[in-house]
Amino acid sequence: MINGRIMTMDERGVVEALVSDDGRVVFLGSSDEALAYRDKDTKVIDLRGYYVLPGLIDAHLHLAGLGFSLDWINLRGVRSIEEMKARIRQESQDKELILCRGWDQELFAERRFPTRHDLDEAMKDKPVIAFRICGHLAVLNTKALELIGLRRILEGPYKEYFERDEKGNLNGIVKEKGLSLVHEAIRGDEEYYLSAIRRACIEAAKHGITMVHAMSCTLEELKAIVTLRSRGELPIRVRAYLSYDVFKTIENIERLRAMNDDMFKVCGIKVIADGSLGARTAYLSEPYHDEPSTRGELLISKEELGEIMDRALDTNMQVAIHAIGDGAVEMVLEVFEDRKEEVTRLRHRIEHASVLNEDVVELLRTVKPVVVVQPHFIISDWWIVRRLGQRRARLAYPFKTLMRHCVVAFSSDAPVEPVNPWVSIEAAVTRGMDIGIELGKLTAHERLSLEEALRCYTTGSSYACSEERRAGVLREGGYADFVVVDKNPLNTSKVKVLATFVNGNKVYEARPGVVEAIQA
105 MINGRIMTMD ERGVVEALVS DDGRVVFLGS SDEALAYRDK DTKVIDLRGY
155 YVLPGLIDAH LHLAGLGFSL DWINLRGVRS IEEMKARIRQ ESQDKELILC
205 RGWDQELFAE RRFPTRHDLD EAMKDKPVIA FRICGHLAVL NTKALELIGL
255 RRILEGPYKE YFERDEKGNL NGIVKEKGLS LVHEAIRGDE EYYLSAIRRA
305 CIEAAKHGIT MVHAMSCTLE ELKAIVTLRS RGELPIRVRA YLSYDVFKTI
355 ENIERLRAMN DDMFKVCGIK VIADGSLGAR TAYLSEPYHD EPSTRGELLI
405 SKEELGEIMD RALDTNMQVA IHAIGDGAVE MVLEVFEDRK EEVTRLRHRI
455 EHASVLNEDV VELLRTVKPV VVVQPHFIIS DWWIVRRLGQ RRARLAYPFK
505 TLMRHCVVAF SSDAPVEPVN PWVSIEAAVT RGMDIGIELG KLTAHERLSL
555 EEALRCYTTG SSYACSEERR AGVLREGGYA DFVVVDKNPL NTSKVKVLAT
605 FVNGNKVYEA RPGVVEAIQA
């Protein structure tokens, strides 16, 4: 690649040419020097002044979930339960099982959660399952409850996670651990997973993402990823974090990790410590400001988490722990504090860390875990000041504070938020101030620069999986993963991805020939 503006994201700064061979970068420098590497088989791309940066890395998403959601009814932005019902009726004619995602009761004119009765009015004869935007709560119609099995719900171990109305009847709302029964009921076959993983990877590549950290991998998801890799059909790099339930069932984890290569690796275990702010299940140190009857809930005890970490240590597995509320983050950090050497060596992670307090900030300064955040939550959780109150909201999504004490990686949590990293970068830089987000005005001091945000999506995310020498930067010997964009990403987040390359091979182009090889 010659005549470009190639941002290495390391001490080299910007160069005009790059040479790759056999999936690795072999030269960075001037165009004249790069052309000395030509032979009869060399492809030469004249960048014509376009910008190139290392492939972006999404450090936390749900790969199969993203692929599945591309076929589901999109309820993001729906403004009322009536509109929700109308969209379900309109888009469900050709479906036998109706799956939806993205609704947020905070936007609804009715100011309440939908129930099975609402969904029955939308579709009575087919199962309807509608996941809230956070993925920690769903509402089911009567047919969907029957699909799961009423006896399994009412007599099973997760019955407390299925809500009831004032008469004691199921109202269709299910949250947290109860969702395992929902996912089990809608599980597809092998081809369903293969298609979902393939589509999710292509969708990520469209936005300049060349590596993803696939969280909470199920066995079905893991098998699909491995199958695609064995066929040479995995378009981007995948780093898998197994759900703890899967980790427990694998008898020989080293045999699985022996399959690791540059395209696919099993890196660690995902553990969930609490829920979400939107569903008021994230565990806070004090009650919710807008619902003082609850602080949320811990989904795991301190002792259980310690046992999981000890088991992970036996196999040198990294642990990534979902903790959103400050109460949950503090509990995780206390467990980490007893294992500081291990936390540093294996780079144990906290996923989200959405709400902190001063004691938690001090623990972060001492323990220094990797922290993986999702900037677009600032936009989706526009109501967070009301939920927490102004005092606590000052330490909500505190990216600048986190960066003073920890390595911070960026991610989307797709399909919870859009997989597009550029909207997340914009959220980190503006904190929604340009669209009137109250938290942005309250916490303007937590805004990042474009360069800081880009580094979180590149070097921060590669550090989170211990690949900072090979990924997230462009250097000799590193992966030949890069993205071509039309504008300087240090000046604006509103760039257009023209092409994405993995191992030096083009895996996405915005239009045919936009970045094309010329005669060698």
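Mapping of the sequence shown onto the numbering used here: residues 105 to 624, in sequence order. Just so it is clear, CB atoms sit at the ideal spot from N, CA and C, and this is done for glycine as well. What you are looking at is a predicted structure, and each value in this text was computed from that prediction instead of being measured.
Item                                                                                                                                                                              : Value
When you compare only the Cα positions, how much space is there between A614 and R399?                                                                                            : 46 Å
Just verifying my parser: in three-state terms, what is the DSSP assignment at P502?                                                                                              : coil
Note down the Cα distance separating R205 from T146, rounded to an integer number of angstroms.                                                                                   : 46 Å
Tell me whether the segment 511-520 and the segment 150-168 touch, counting them as touching only if at least three CB pairs, one residue from each stretch, are closer than 8 Å. : yes
Under 8 Å Cβ to Cβ from L249, same chain only, skipping five residues before and after it: list those, please.                                                                    : R220, I257, L274, G276
Can you tell me whether F217 is helix, strand or coil according to DSSP?                                                                                                          : coil
CA-CA distance, T604 and R268?                                                                                                                                                    : 49 Å
For R399, which of helix, strand or coil comes out of DSSP?                                                                                                                       : coil
Between the Cα of T181 and those of D175, S196, L211, G169, spot the shortest distance and give me the residue it belongs to.                                                     : Here residue 181 turns out to be Gly, not Thr, going by the sequence shown. Nearest of D175, S196, L211, G169 to G181, Cα basis: L211.
Would you mind working out which of A242, K310, T314 sits nearest H287, comparing C-alpha positions?                                                                              : A242
For the alpha helix (DSSP H) containing A309, list its first residue and its last residue.                                                                                        : 294-310
May I have the straight-line CA-CA distance separating A624 from M105, to the nearest angstrom?                                                                                   : Per-residue confidence for A624 stands at a pLDDT of 49, beneath the threshold of 50, marking its modelled position as unreliable; no derived number is given.
Taking just the CA atoms, how far does G536 sit from K591?                                                                                                                        : 22 Å
If you run the structure through DSSP and keep just helix, strand and coil, what is A624?                                                                                         : Unreliable placement is indicated for A624, whose pLDDT of 49 sits below 50; the coordinate value is still reported in the next sentence. Correct three-state label for A624: coil.
Any idea if T353 is buried or exposed, counting beta-carbon neighbours within 10 angstroms, 16 or more meaning buried?                                                            : exposed
State the Cα-Cα distance for the pair D293 and M319, rounded to the nearest angstrom.                                                                                             : 20 Å
Kindly list the residues whose CB is nearer than 8 Å to the CB of E441, restricted to its own chain and excluding five residues on each side of it in sequence; keep chain order. : L467, T470, V471
Can you tell me where the beta strand (DSSP E) with K327 in it begins and where it stops?                                                                                         : No beta strand (DSSP E) contains K327, which is instead part of the alpha helix (DSSP H) from 323-334.
Quick check on the DSSP output: the alpha helix (DSSP H) that includes Q494 runs from which residue to which?                                                                     : 494-497
Which residues in the same chain as F625 place their Cβ atom closer than 7 Å to its Cβ, once the five residues preceding and following it in sequence are excluded?               : Limits of the chain in this structure are 105 at one end and 624 at the other, which puts residue 625 out of reach.
How about V523 and H311: are their beta carbons less than 8 Å apart?                                                                                                              : yes
Give the single residue among I529, I233, W526, D394 whose Cα lies nearest to the Cα of I488.                                                                                     : D394
Taking all protein chains shown into account, do 16 or more other C-beta atoms lie within 10 angstroms of the C-beta of E270, making it buried, or fewer, making it exposed?      : exposed
As an exercise, report each continuous beta strand (DSSP E) stretch of at least 3 residues that is fully enclosed by the segment 342-427, in chain order.                         : 368-376, 422-427
With DSSP as the reference, label V511 as helix, strand or coil.                                                                                                                  : coil
By Cβ distance below 8 Å, which residues in the same chain neighbour T137 in space, the five residues on each side in sequence not counted?                                       : According to the sequence provided, residue 137 is Glu. The question's Thr does not apply to it. Excluding residues within five positions, the ones whose Cβ falls inside 8 Å are A121, F131.
Out of curiosity, what's the CA-to-CA distance linking D114 and Y387?                                                                                                             : 39 Å
Does DSSP put E580 in a helix, a strand or coil?                                                                                                                                  : coil
Measure the C-alpha to C-alpha separation of I202 and E307 and round it to an integer number of angstroms.                                                                        : 22 Å
Going by Cα to Cα distance, which pick from P473, H426, S196, A328 is closest to G564?                                                                                            : P473
Give me the Cα-Cα distance between L409 and E280, rounded to the nearest whole angstrom.                                                                                          : 17 Å
On the DSSP letters alone, give me the boundaries of the beta strand (DSSP E) that A242 sits inside.                                                                              : 241-244
Could you round the C-beta distance between I482 and L578 to whole angstroms and report it? I think they count as a contact, below 8 Å.                                           : Going by Cβ atoms, the distance from I482 to L578 rounds to 29 Å, so no, they are not a contact pair.
If I measure Cβ to Cβ from I185 and keep anything under 7 Å in the same chain, skipping five residues before and after, which residues do I get?                                  : F212, E214, P218, D222
For the ligand FAD, is there a heavy atom less than 7 Å away from the beta-carbon of I428?                                                                                        : The ligand content of the structure shown is nil, which means the ligand FAD is not present either.
Can you say whether N356 is buried or exposed, counting buried as having 16 or more other CB atoms within 10 angstroms of its CB?                                                 : exposed
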